[in-house]
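S.K.: To get the working numbering, take the position in the sequence shown, counting from 1, and add 243.
Here a beta-carbon is modelled for each residue, glycine too, at the ideal position from N, C-alpha and C.
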Amino acid sequence: QTGMIKSLNRLVLAKALAHQARWSEEGVAVDVSVNLTMSDLLDTSLPDAVRMALTAAGAEPGGLVLEITESTAMTDSARVRATLGRLREMGIRLAIDDFGTGHSSLAYLQHLPVQLMKIDKSFTQALDDGSGSKAIISSTIELGRSLGLTVVAEGIETAEQARALIGLGVTHGQGFLMAAPTRADELEDRLVRARA
Numbered sequence: 244q245t246g247m248i249k250s251l252n253r254l255v256l257a258k259a260l261a262h263q264a265r266w267s268e269e270g271v272a273v274d275v276s277v278n279l280t281m282s283d284l285l286d287t288s289l290p291d292a293v294r295m296a297l298t299a300a301g302a303e304p305g306g307l308v309l310e311i312t313e314s315t316a317m318t319d320s321a322r323v324r325a326t327l328g329r330l331r332e333m334g335i336r337l338a339i340d341d342f343g344t345g346h347s348s349l350a351y352l353q354h355l356p357v358q359l360m361k362i363d364k365s366f367t368q369a370l371d372d373g374s375g376s377k378a379i380i381s382s383t384i385e386l387g388r389s390l391g392l393t394v395v396a397e398g399i400e401t402a403e404q405a406r407a408l409i410g411l412g413v414t415h416g417q418g419f420l421m422a423a424p425t426r427a428d429e430l431e432d433r434l435v436r437a438r439a
């Protein structure tokens, strides 16, 4: 509402890429993900801004994942599709975040230049309540793989959820079970220790 979101998102992008470049110098290769808003995707200067941020940080485009929500991704806008296409051509990976909550058009989904599909945490959280989440997750995994996408389960908080998701064929996940949100310097220490 204040009009500050574009500046804030550019700052977040610059900070994430700077951390990634420093970690890479330390010998720790890790991808960084940054969320985009609809206003970002409607901004035709976004690809140029991302290119400048990569150059300023000395970061490689293949280590950057830009995430867009499913409802944003499904917006049938030529400007959005053009922006996503330019980002993909730069070697940046694109992810659909919160998949399963936005009532996707599957016909449209197959034409998006994305490489990752992130299953919304609401399905992970409902795995054991008989709501049909297992069937939805299985179907989403099959859909994602048939489209050549990496499927990531969000919101994994317990070992039981992780085991159930692995049993369903999930190979990538995120959530508090793996790590809670943490400051960049603490994450760097953890990454360096894990490498040793």
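Can at least three beta-carbon pairs, one atom from the region 324–341 and one from the region 303–315, be found at a separation below 8 Å?
M.R.: With a cut-off of 8 Å, the region 303–315 and the region 324–341 count as touching, because enough Cβ pairs lie within range.
S.K.: With H, G and I counted as helix, E and B as strand and the rest as coil, what does DSSP make of Thr393?
M.R.: For the purposes of this step, residue 393 is identified with residue 150 of the sequence shown, where counting begins at 1. Three-state DSSP puts Thr393 in a strand.
S.K.: Grab me the residues of Leu256's own chain with a C-beta within less than 6 Å of its C-beta, minus the 5 sequence neighbours each way, in chain order.
M.R.: Reading the sequence shown from its first residue, position 13 is the one you call residue 256. Around Leu256: Val277 and Ala296.
S.K.: Quick one: what's got a C-beta closer than 7 Å to Pro304's C-beta in the same chain, skipping five residues either side?
M.R.: Position 61 of the sequence shown, counting from 1, holds the residue named residue 304. Excluding residues within five positions, the ones whose Cβ falls inside 7 Å are Leu297, Met333, Gly334 and Ile335.
S.K.: Kindly identify the DSSP beta-bridge partner or partners of Arg336.
M.R.: The residue given as residue 336 occupies position 93 in the sequence shown. Per DSSP, Val308.
S.K.: Using CA coordinates, which residue listed in Leu408, Leu285 and Gly246 is at the minimum distance from Lys364?
M.R.: Position 121 of the sequence shown, counted from the start, is the residue given in the question as residue 364. Of Leu408, Leu285 and Gly246, the residue nearest in Cα terms is Leu408.
S.K.: Just how far apart, CA to CA, sit Asp286 and Thr326?
M.R.: On the sequence shown, residue 286 is found 43 positions in, with the first residue counted as 1. On the sequence shown, residue 326 is found 83 positions in, with the first residue counted as 1. Roughly 8 Å between the two C-alpha positions.
S.K.: Looking only at its chain, what residues have a beta carbon closer than 8 Å to the beta carbon of Gln263, apart from the 5 residues adjacent to it on each side?
M.R.: For this step, residue 263 is matched to residue 20 along the sequence shown. Val273, Asp274, Val275, Ala300, Ala302, Gly306 and Leu307, listed in sequence order.
S.K.: Using three-state DSSP, classify Phe419 as helix, strand or coil.
M.R.: Residue numbering aside, residue 419 sits at position 176 when the sequence shown is read from its first letter. Looking at Phe419 - three-state DSSP - the assignment turns out to be coil, as it is neither helix nor strand.
S.K.: Thinking just about the alpha-carbon of each residue, which of Leu420, Ile379, Gly418 and Gly343 is nearest to the one in Gly412?
M.R.: Taking the sequence shown and counting its residues from 1, the one referred to as residue 412 is at position 169. Checked all of Leu420, Ile379, Gly418 and Gly343; the closest Cα to Gly412 is Ile379.
S.K.: Could one say the Cβ of Asp432 lies closer than 7 Å to chain C's Cβ atoms, at least one of them?
M.R.: Although the question refers to chain C, the structure presented lacks it and comprises just one protein chain.
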